[in-house]
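Heads up: the protein sequence lines correspond to chains X and F, in order. In terms of our numbering, the first sequence opens at residue 750 and continues consecutively. In terms of our numbering, the second sequence opens at residue 2 and continues consecutively. We treat Cβ as the ideally placed atom computed from N, Cα and C, and that holds for glycine. Data block below; observations after.
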Amino acid sequence: MTVPQKKHLAACLVSLAMATTIPAQQVPVTETNLPNGMRLLLVERHDDPSIAGGWVTHVGSANERPGITGIAHLFEHMMFKGTTTIGTSDAKKDLKILAEQERVRDEMRGEEAVMRRDVRRGKISDLLKPENWTPRYRELQKQFAELVAQERGVLVKNEFDNIYTGNGASGMNAFTMQDMTAYFCTVPANKFELWAWMESERILQPVFREFYSERDVVFEERRMRLESTPLGVPMETFNAMFWEALPYSWDTLGWPSDVSTISKAQADAFYGTYYVPQNITLILVGDFYTTNAVALAEKYFGRIPRGANNPPDLVTLEPKQTVEKRMNAEVAANSQVEIFWHTVPFGHQDSYALEILAQILSTHTGRLYKGLVLGNGLATDVGAEQNSMKWAGFFDMSGEASPNHTPAEVEAAIYAEIEKLQQAEVPAEELQKVKNNFAAAEYRKLNSNMSILHSLIWNDGEGNWHEINEANAKRQAVTAADVKRVASEYLIKENRAVATFTRKIEAGTEK
Amino acid sequence: MKFLLSLVAAGAVSFAPNILAADIPDRPEKLVFPPLRYEPPNASDYRVPLQAGPIAYLVPDHERPLINFTIYIRTGSYLEPAGKEGLAELTGWLLTHGGAGTNSANQLEERLAFLAANLGVSIGDTEGTVGLNLLTKDLDEGLGLLRDVLYAPRFQDDKIILRKSQMLQEMKQRNDESAAIEEREAGFLARGESFFENRYATSNSIAAITALDLEKFHYAWFWPSNFVVGVSGDFNREEMIAKLEKLFAGGPENMEMDHLQPGGTPPAIPTQFNFAKAGVYLVNKPEVDQGRVTLMLPGIRRDSPDYYACAVMNYVLGGGGFSSRLMGRVRSDEGLAYDVHSRFPGGVYYPGIVSIGFQSKSRTVAYATALCLEELKKMSAEPVSDRELNLAKRSFIETFPRAFATKTAVADALAREEFTGRYASDPDFWRNFRAKISAVTKEDVQRVAQKYLQPDQVVVLAVGNKADIMLGHPDHPAKLTDLPGGKVTDLPLRDPFTMKAQ
Chain X
750 MTVPQKKHLA ACLVSLAMAT TIPAQQVPVT ETNLPNGMRL LLVERHDDPS
800 IAGGWVTHVG SANERPGITG IAHLFEHMMF KGTTTIGTSD AKKDLKILAE
850 QERVRDEMRG EEAVMRRDVR RGKISDLLKP ENWTPRYREL QKQFAELVAQ
900 ERGVLVKNEF DNIYTGNGAS GMNAFTMQDM TAYFCTVPAN KFELWAWMES
950 ERILQPVFRE FYSERDVVFE ERRMRLESTP LGVPMETFNA MFWEALPYSW
1000 DTLGWPSDVS TISKAQADAF YGTYYVPQNI TLILVGDFYT TNAVALAEKY
1050 FGRIPRGANN PPDLVTLEPK QTVEKRMNAE VAANSQVEIF WHTVPFGHQD
1100 SYALEILAQI LSTHTGRLYK GLVLGNGLAT DVGAEQNSMK WAGFFDMSGE
1150 ASPNHTPAEV EAAIYAEIEK LQQAEVPAEE LQKVKNNFAA AEYRKLNSNM
1200 SILHSLIWND GEGNWHEINE ANAKRQAVTA ADVKRVASEY LIKENRAVAT
1250 FTRKIEAGTE K
Chain F
2 MKFLLSLVAA GAVSFAPNIL AADIPDRPEK LVFPPLRYEP PNASDYRVPL
52 QAGPIAYLVP DHERPLINFT IYIRTGSYLE PAGKEGLAEL TGWLLTHGGA
102 GTNSANQLEE RLAFLAANLG VSIGDTEGTV GLNLLTKDLD EGLGLLRDVL
152 YAPRFQDDKI ILRKSQMLQE MKQRNDESAA IEEREAGFLA RGESFFENRY
202 ATSNSIAAIT ALDLEKFHYA WFWPSNFVVG VSGDFNREEM IAKLEKLFAG
252 GPENMEMDHL QPGGTPPAIP TQFNFAKAGV YLVNKPEVDQ GRVTLMLPGI
302 RRDSPDYYAC AVMNYVLGGG GFSSRLMGRV RSDEGLAYDV HSRFPGGVYY
352 PGIVSIGFQS KSRTVAYATA LCLEELKKMS AEPVSDRELN LAKRSFIETF
402 PRAFATKTAV ADALAREEFT GRYASDPDFW RNFRAKISAV TKEDVQRVAQ
452 KYLQPDQVVV LAVGNKADIM LGHPDHPAKL TDLPGGKVTD LPLRDPFTMK
502 AQ
């Protein structure tokens, strides 16, 4: 047993131009690249006897195309279904049943094509309604159900999760975004090797069992997040309207027609293209020693062969928007307005000034709240944010209208606030307040192993993990003139899309 | 060093890894792990009864130049006078947004923002919480502002008007999300219309609240004898004790209130509630294509001797995520829901509610509900397997250190034990936790399942498209009317401003 070490992350301090700013705290990251191209990021931290471990693949819904939208996310779900040795009591029989299932599914896909044609010709309304299914399709469903029952005979249910849980892992989860897919959990400090075993196995030899019931699960997730919430589908529509060419125009959950037809073969091809070592970064934060960790990572992850091809680059650049776009929606929600402007992606030199601008506008002491909530009282809630993603970015402002006021009034008031920022530089004290908050956030983000892990996942996923330590200095260097310039350059009419939402049914009698 | 760490952790384990990939076993059971010993923090190492009144827990941690304060306050919405529902929430919000001491509301907020200090107050059903997180260099100024907020709030009229209008806006949305309807109606069914948890602010009750009400509510309860404090971060223990004594000395400064007696210790939290009659209850929300379902049963208090067996039982049923039976059956097998879970919380002041929850497309709501009931009955009918029992127990035992993963978590956990009285009644709760879990047997699990999971008492609440839910699915004969209770009771939507049935 070793004595817990007290390690100060404050080892290196960055001195900043302004004397009044708070020095930033660097995250001591060790970067190593395995021979197969996999990147390894390690942060030793000995306070808490645990390790937050995760990995990020540089693939998300932006790498999809119509027909297979939602596949990156569905794939993420499949990565919990086991490996050649985890999740089955008879690997050979298991693979045989899976192949048989695909044979039936192929035939079902043929029937689905017939039913889609019937939808196009107006013979049936909705593919999801059981009453609309053809007799042959129902027959095939029964055959498939029998094969699923057979599979259960050799299936070891959720064994991947059982092994982790029984070993004290916690918070095992994953997420899929436009630009990345990430998998993570926390293990006790003595279980580093278990983590390496489990994660390398599922990258090396995953088996996609229960594929079609999981597809239904994902459809339920879509219903829960988008279809059964008042703003879910309208915001999906707005997003689709905003992005012209970039594959950010569909939600990570995918279009309903696509989610319900994705095949296992498509998932296999997706895996072969994007889950290659040169497209993956491993990240570990916590109670381990770097030398040992590198050796173990090489042993377990080094055995995964480098992919024959690098994943294809995304070549589309969003064309310059030349006309304002507008959408008016009636919804079961408070009346509000949402405005998007095309701006810049992650790491762009203007992204820092845009982040500062967003902070100047948002928060309870920001321009929008002071102007629209406390000032003219047109709004009860407001917000502003710069979203810097890998392939593009957007600036978002929103406001909820006060009773007896309209989204149009809120919209006009937002433009009035923008105009002030375009005409005059922000006073020094106001700028400093915002910078102080960014500086303090540098410390707050180091709260736990998991919060550091997530910060590294996000920065690496968007394109450059070094930003975890470098972005703050760039934000601190932003001048009032920079803020004025980006407000003038990006927040203009031709560059924006506006959604107004008005309450459809008055909920009860308003007093 | 005494206060640096009381965790006896193995720390990073030194090992000489075998670096040959050829030695990788085909199954993880073949891996050998070094031992990891861990003992939870010892409350007495951190506990400081302040002369000013509060009990404080001080957990220094010099990793980052930040200090975090959490103050738990004996107050809550259960103390609101009838007809003034919303008073507790409004009071909490205005403490930090309504001006304090010599600062107007805007001055106070500007100063906090410039210091990048996060200060927030909220008052819930049975407690108030004040949180302050700031940079070490701003400690003295921050504590000055905190003292003003605690003892000299100004409750500015313009901010009262502002917050009231925001509360009305929030009220307007009460029927927009089916999740909100479900949560609210589940509360009514579980505890009864008159239980304090179910007293909601209305447009009338908000209108009835005056500045004087806010001042009185604050003056009654914000006394240091009602505080329990957790502090973690970059400070020296002795210096912090002196600062806390200064921070809390005295009490609310309000000359107009001097004729009033401070409330002292608040009256006991009510514990009597009425659990609804067994059966199926349905709120029609025709515009959604997914139904939300909650199944409920009366549960236990956390000091019940059955607490540990119930925790293990619940883990197997639906508390253990992917390793639970409900997840295996309803999600993995059938693909009927994204989320399905069960909960068996031990109530602090009165018994908690056992619940199962899921969301499924309207047409399969009845089938998924039937599956959940089947799994619930199975827990009583037959013992859990050795594998299930061990998995549940190992998970509780091995994840135990996570409860104290950060110094802030240590300070907050210890302060909560003090605040809720368990430190006084069961000071060794954490120390004994793993042994008690370890002692749970299969017989215990089946016994508590039979005792608490009684199918004829189950209350089922569904929120969604009634027509489609009642229609069911051609592949699955289950109907809601076949469930225990035999009939479906329609629950009307409530008017969001009066909370009366529409």
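- With respect to chain X, the C-beta atom of GLY99 of chain F has no partner C-beta closer than 9 Å.
- Just measuring C-alpha positions, the residue of X:LEU904, X:GLU849 and X:GLY809 sitting nearest ARG330 of chain F is X:LEU904.
- By the neighbour-count criterion, in which 16 or more other beta carbons inside 10 Å mark a residue as buried, HIS1215 of chain X falls on the exposed side.
- Comparing C-alpha distances from GLY252 of chain F to each of F:ALA425, F:THR272, F:ALA221 and F:SER324 shows the shortest one belongs to F:ALA221.
- In the pairwise beta carbon analysis, the stretch 998-1016 of chain X is classified as not touching the stretch 928-940 of chain X: fewer than three pairs are separated by under 8 Å.
- Using a Cβ-Cβ cut-off of 9 Å, GLN157 of chain F does not count as an interface residue toward chain X, since no Cβ of chain X sits closer than that to its own.
- At a cut-off of 9 Å between beta-carbon atoms, LYS845 of chain X makes no contact with chain F.
- With a threshold of 16 other beta carbon atoms within 10 Å, ALA404 of chain F falls short and is exposed.
- Between the alpha carbons of TRP804 of chain X and LYS1169 of chain X lies a gap of roughly 44 Å.
- Under the rule that a run must span 4 or more residues, the alpha helix (DSSP H) segments found entirely inside the stretch 1058-1135 of chain X read 1100-1110.
- Counting of Cβ neighbours within 10 angstroms places GLN954 of chain X among the exposed residues, the total staying below 16.
- Taken through DSSP and simplified to helix, strand or coil, PHE1250 of chain X comes out as strand.
- Taking C-beta separations shorter than 7 Å and ignoring five residues to either side along the sequence, the partners of ASN1218 of chain X in its chain run GLN775 and VAL776, following chain order.
- Against chain F, a Cβ distance below 8 Å from PRO815 of chain X picks out nothing, because the smallest value is about 23 Å.
- Shortest Cα-Cα distance from THR779 of chain X to any of X:LYS1223, X:ALA1078 and X:THR1040 involves X:THR1040.
- Contact annotation: THR1251 of chain X and PRO1156 of chain X have beta-carbon atoms nearer than 9 Å.
- The DSSP assignment places complete alpha helix (DSSP H) segments of no fewer than 4 residues inside the stretch 1007-1063 of chain X at 1013-1023 and 1039-1050, in order along the chain.
- In the DSSP assignment, PRO41 of chain F forms no beta bridge with any residue.
- Distance between LEU390 of chain F and ASP307 of chain F, taken at the CA atoms: about 16 Å.
- ALA811 of chain X has its alpha-carbon roughly 19 Å from the corresponding atom of PHE1089 of chain X.
- GLN1108 of chain X is classed as buried because its beta carbon has at least 16 other beta carbons within 10 Å across all chains shown.
- Residues of the stretch 783-804 of chain X with a C-beta atom less than 8 Å from some C-beta of chain F are GLU793, HIS795, ASP796, ASP797, PRO798 and SER799, listed in chain order.
- In this structure, GLN1070 of chain X sits away from LEU1106 of chain X, with a CB-CB distance that is not shorter than 9 Å.
- Per DSSP, the beta-bridge partners of ILE354 of chain F are F:PRO299.
- A Cβ of chain X is located within less than 9 Å of the beta carbon of ILE25 of chain F.
- Chain-ordered, the chain F residues with CB closer than 8 Å to the CB of MET973 of chain X read GLN291, TYR339, ASP340 and GLN360.
- For ARG885 of chain X, the closest alpha carbon among the candidates X:GLU856, X:MET827, X:ASN1077 and X:PRO784 is that of X:GLU856.
- Taking 9 Å as the cut-off, the Cβ atoms of GLY121 of chain F and LYS160 of chain F do not count as close.
- A Cβ-Cβ distance of about 4 Å is found for the pair ALA277 of chain F and LEU190 of chain F, placing them in contact under the 8 Å criterion.
- Any Cβ of chain F closer than 9 Å to the Cβ of MET864 of chain X would place that residue at the interface, and such an atom is absent.
- The Cβ atoms of LEU472 of chain F and SER363 of chain F lie closer than 9 Å to each other.
- Among the residues facing chain F, LEU1123 of chain X is included, as its CB has a counterpart in that chain under 9 Å away.
- Given a length threshold of 3 residues, each whole run of the beta strand (DSSP E) inside the stretch 927-957 of chain X is given here in chain order: 930-937.
- For LEU876 of chain X, there are no neighbours in chain F by C-beta distance under 7 Å, as the nearest C-beta there is about 13 Å away.
- Here DSSP, grouped into helix, strand and coil, assigns GLU81 of chain F to coil.
- Closest in alpha carbon position to ILE25 of chain F, among X:VAL1159, X:GLU1079, X:LEU1127 and X:LEU943, is X:LEU943.
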